[in-house]
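Asker:
Protein chains: 2
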Amino acid sequence: MQITNGCIEALNLALRAVAQPGDTIAVESPTFYGLLQVLESLGLRALEIPTSPQTGISIDALELAIQTYDNIKAVVVVPHLQNPLGSIMPDAHKQRLVQLCETSAITLIEDDTYSELVSETKRGDAPLRAMKSWDTTGNVIYCASLHKILAPGLRLGWMTAGRWQARVEMLKFSQTRSNEELSQRAAADYIASPAYDRHLRRLRSTLLVQRQQTAEAIASHFPAGTRLTVPDGGLSLWVELPQQLSSKQVFDAALQEQILVSPGLMFSNSLRFDPFLRISCGWPVDKEVEHALRRLGQIVRSLLP
Amino acid sequence: MQITNGCIEALNLALRAVAQPGDTIAVESPTFYGLLQVLESLGLRALEIPTSPQTGISIDALELAIQTYDNIKAVVVVPHLQNPLGSIMPDAHKQRLVQLCETSAITLIEDDTYSELVSETKRGDAPLRAMKSWDTTGNVIYCASLHKILAPGLRLGWMTAGRWQARVEMLKFSQTRSNEELSQRAAADYIASPAYDRHLRRLRSTLLVQRQQTAEAIASHFPAGTRLTVPDGGLSLWVELPQQLSSKQVFDAALQEQILVSPGLMFSNSLRFDPFLRISCGWPVDKEVEHALRRLGQIVRSLLP
């Protein structure tokens with residue numbers, strides 16, 4: 001295992017290990033804008049694969065893309081609570097994806113930042129299975145971090161890179177040397193204690209309430225035709241605006257009142273997701289947040305034709 | 001200013017900001033092996049410029065190289081206590097180098113990791129001048145860190161990137177996000193206190209003693225023909241072996257007895273520095289170190305023809 005400066009360094013190292021500038025990387029669409037920025041900064045091309053809010057990346061579409069393009073070096077997938085959709089891949093899909101990547105000689109980069117935020121109900125009794133657990137040949141690079149589940153102030157991620165482990169370790173040493181020890185020791189002590197599990201259970205139930213409250217506020221304040229599905233965990237909601245309204249316009253107007261939302265445009269190199277907004281539910285819905293969501297609804301309404 | 005994970009991340013970001021894979025970067029010769037590894041990992045070519053133990057990089061040679069090769073994008077220079085030579089550039093050289101780089105449209109990347117380790121005598125009354133201080137156009141990227149002077153366990157470096165500042169900030173965000181805050185706060189408090197200056201003065205006098213003791217032990221135990229000049233500061237000595245003996249052989253034999261030295265080969269992509277050893281003097285010369293230096297001298301002697 002390699003400790004990294006957050007999951008973002010793990011993704012950088014994974015991509016640098018398997019691809020050269022000019023190569024193509026398949027990504028979910030919509031996808032986390034930070035990944036698109038990493039790809040651009042490394043001179044890599046993003047190939048966007050349709051992704052479902054229910055079951056995650058379309059494996060059929062990926063298979064077609066692999067047959068069509070011959071320079072896809074890797075695919076980056078968030079199997080649990082995909083960002084921004086919140087989808088959770090069924091185990092059968094995960095297994096099929098691992099096999100497809102293996103037979104196609106394409107590296108599967110698994111970004112598992114959010115699995116601990118999947119709701120208690122959805123988790124059930126069996127632990128969530130990482131795609132890496134089906135990997136028998138070292139073709140899956142697994143990346144995760146404590147950033148979203150323990151403390152945003154910590155920059156602690158980790159990765160296990162299968163057959164690229166030695167190259168990843170060389171690149172990590174060359175890029176930033178090893179991580180500082182103090183925060184690793186503090187986090188390790190905490191994770192080993194019963195307090196960590198208690199923290200995670202409390203965090204999941206807090207987020208469940210916040211997701212529901214935020215969704216209810218949106219239902220109350222946004223105009224008819226607004227659509228959203230509350231995901232089975234996580235920190236945000238993916239909201240479709242009515243009548244193909246541009247989220248860019250909503251973003252600009254909201255920012256003037258210091259209300260921050262993520263416009264759908266950011267989650268793709270295309271304009272496809274312009275009518276979507278990602279709204280965070282990382283805070284309790286207090287009066288201020290309730291007010292902001294009400295104003296946001298009014299802004300959306302005012303922009304309707 | 002941008003805080004980084006040590007000077008090594010600052011160098012990575014500086015190089016990524018100004019060069020593309022395939023570009024050429026001029027470096028001192030011999031140079032820090034870590035820099036050669038960074039260049040290789042980024043797909044950059046190293047062009048080695050002769051460097052003097054007294055005055056640092058040869059500006060005449062660099063000027064010739066610039067006239068000869070048309071794809072040199074940057075030059076990386078350690079002006080104070082060059083690693084491994086220990087040279088300190090005279091101010092007139094620094095100023096001339098800044099001007100040459102500016103007129104040649106080549107970025108000057110200044111690695112100032114060691115300036116606080118220059119001895120009290122050499123420092124004199126005026127503070128050492130960074131090359132960046134002559135930069136009027138933003139063509140110098142200044143990089144430094146606390147790693148060698150405060151605590152090796154901290155990964156705290158920083159850089160100021162002149163006209164590449166915005167690009168460096170984007171790359172830093174994309175590569176590792178911001179550094180953790182805790183160690184920055186702790187270091188900032190300490191640096192602002194009088195204890196920091198006391199620490200630096202004590203460190204300089206300790207290192208002065210250790211350099212002298214190490215040099216004396218080498219003079220006693222190594223065979224005739226061994227050459228070294230004690231530098232005006234820093235953590236290591238650059239030792240030339242007698243009769244062009246290969247340091248690789250010395251390294252291999254010493255390692256078997258758990259004595260670690262850096263063979264000259266590591267400091268160049270050529271074989272030019274094979275007859276040199278870099279010997280650390282970062283520890284007090286106690287019985288164990290004295291014994292190791294004596295054994296090292298015996299090994300060198302045994303390898304002589």
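Going line by line, the protein sequences match chains A and B.
full-length UniProt numbering puts the first sequence at residues 1 to 305.
full-length UniProt numbering puts the second sequence at residues 1 to 305.
C-beta atoms are modelled at their ideal positions from N, C-alpha and C, and glycine is treated no differently.
Taking beta-carbon pairs under 9 Å, can you tell me which members of the stretch 145-166 of chain B lie near chain A?
Answerer: Listed in sequence order: H147, G153, L154, R155, L156.
Asker: Going by DSSP, what residue range makes up the beta strand (DSSP E) through Y142/B?
Answerer: Y142/B -> beta strand (DSSP E) spans 140-145.
Asker: Who are the near neighbours of D91/A in its chain, counting only those whose CB is closer than 8 Å to its CB and skipping five residues on each side?
Answerer: Excluding residues within five positions, the ones whose Cβ falls inside 8 Å are R129.
Asker: Relative to the alpha-carbon of G233/B, which residue among S302/B, L277/B, K148/B has its alpha-carbon at the smallest distance?
Answerer: Residue K148/B is the option with its Cα nearest to G233/B.
Asker: For chain A, is any of its Cβ atoms less than 9 Å away from the one on N5/B?
Answerer: Closer than 9 Å: yes.
Asker: Name the DSSP beta bridge partners of L265/A, please?
Answerer: Partner(s): none; L265/A has no beta bridge.
Asker: For N179/A, write down the residues that DSSP places opposite it in a beta bridge.
Answerer: Looking at the DSSP assignment, N179/A forms no beta bridge with any residue, so it has no partner.
Asker: Per DSSP, A285/B is paired with what?
Answerer: According to the sequence displayed, residue 285/B carries Val and not Ala. None, per the DSSP bridge assignment.
Asker: Between which two residues does the beta strand (DSSP E) containing S29/A stretch?
Answerer: S29/A -> beta strand (DSSP E) spans 24-29.
Asker: Could you tell me the boundaries of the beta strand (DSSP E) in which Q82/A lies?
Answerer: Element bounds for Q82/A: n/a, residue is neither H nor E.
Asker: Using the beta-carbon count (16 or more within 10 Å), is R204/A buried or exposed?
Answerer: By the 10 Å Cβ count, R204/A comes out buried.
Asker: Return no unless some Cβ of chain B is closer than 9 Å to the Cβ of T176/A.
Answerer: Interface residue, yes.
Asker: Quick one: list the residues of chain B neighbouring I8/A, beta-carbon separation under 8 Å, in chain order.
Answerer: Chain B residues near I8/A: S174, Q175, T176, R177.
Asker: For L100/A versus I66/A, is the C-beta spacing smaller than 9 Å?
Answerer: The answer is yes: Cβ separation under 9 Å.
Asker: Please report the Cβ distance between M38/A and S178/B, rounded to the nearest whole angstrom; I am assuming they are in contact, meaning their Cβ atoms lie under 8 Å.
Answerer: The amino acid occupying residue 38/A in the given sequence is Val; Met does not appear at that position. That belief does not hold up - the Cβ atoms of V38/A and S178/B are roughly 16 Å apart, past 8 Å.
Asker: Anyone know if the C-beta pair for P53/B and L97/B falls short of 9 Å?
Answerer: No. Outside cutoff.
Asker: Please check the pair N139/B and E169/B, which I expect to be a contact at CB under 8 Å, by giving their CB distance rounded to whole angstroms.
Answerer: At roughly 18 Å, the Cβ-Cβ gap does not stay under 8 Å, so N139/B and E169/B are not in contact.
Asker: Can you give me, in chain order, the residues of the stretch 267-285 of chain A that have a beta carbon less than 9 Å from any beta carbon in chain B?
Answerer: Per Cβ criterion, the list is empty.
Asker: Please return the same chain residues whose Cβ sits closer than 7 Å to the Cβ of R301/A, not counting the five positions on each side in sequence.
Answerer: Same-chain partners within the cutoff: P223.
Asker: Could you name the residues of the same chain whose beta carbon sits closer than 7 Å to that of R16/B, not counting the 5 residues immediately before and after it, in chain order?
Answerer: Excluding sequence neighbours, R16/B sits near L42, L171.
Asker: At the level of alpha carbons, what is the spacing between L146/B and A26/B?
Answerer: If I take the Cα positions, the gap works out to 25 Å.
Asker: I think L117/A touches L81/A, with their Cβ atoms under 8 Å apart; what is that distance to the nearest whole Å?
Answerer: 6 Å between Cβ atoms; contact.
Asker: Which residues bound the beta strand (DSSP E) around S280/A?
Answerer: From DSSP, the beta strand (DSSP E) with S280/A extends over 276-280.
Asker: Any beta carbon of chain A sitting closer than 9 Å to that of L171/B?
Answerer: With 9 Å as the cut-off, L171/B counts as an interface residue toward chain A.
Asker: Alpha carbon to alpha carbon, what distance is there between I3/B and G6/A?
Answerer: Looking at the two C-alpha atoms, the distance is approximately 16 Å.
Asker: Keeping to the same chain, check which residues put their C-beta closer than 7 Å to that of I59/A; ignore five residues upstream and five downstream.
Answerer: So the list reads H93, R96, L97, L100, once near-sequence residues are dropped.
Asker: Using a Cβ cut-off of 7 Å, pull out every chain A residue sitting near Q37/B, in sequence order please.
Answerer: Chain A residues near Q37/B: S174.
Asker: Thinking C-beta only, is R227/A closer than 9 Å to E216/A?
Answerer: No, Cβ-Cβ distance for E216/A and R227/A is not below 9 Å.
Asker: V262/B CB to nearest chain A CB: under 9 Å?
Answerer: According to the sequence displayed, residue 262/B carries Ser and not Val. By this cut-off, S262/B is not an interface position.
Asker: Since G153/B contacts C143/B with CB under 8 Å, what's their CB separation in whole angstroms?
Answerer: Incorrect: roughly 20 Å between the Cβ atoms, too far for contact.
Asker: Residue ranges of each alpha helix (DSSP H) run of no fewer than 4 residues wholly in the stretch 34-96 of chain A, ordered along the chain?
Answerer: With a minimum length of 4 residues, the continuous alpha helix (DSSP H) runs that stay inside the stretch 34-96 of chain A are 59-68.
Asker: Could you check if A126/A is buried or exposed, using at least 16 other CB atoms within 10 Å of its CB as the buried criterion?
Answerer: Per the 10 Å Cβ criterion, exposed.
Asker: Ordered along the chain, which non-local residues of its own chain (more than five positions away) have a Cβ less than 6 Å from that of P231/B?
Answerer: Answer for P231/B: G86, listed in chain order.
Asker: Just how far apart, CA to CA, sit R185/A and T121/A?
Answerer: Roughly 32 Å separates the two Cα atoms.
Asker: Can at least three beta-carbon pairs, one atom from the stretch 270-279 of chain A and one from the stretch 254-262 of chain A, be found at a separation below 8 Å?
Answerer: Verdict: yes, contact present.
Asker: For A14/B versus T113/B, is the C-beta distance shorter than 9 Å?
Answerer: No, these two residues do not count as a Cβ contact at 9 Å.
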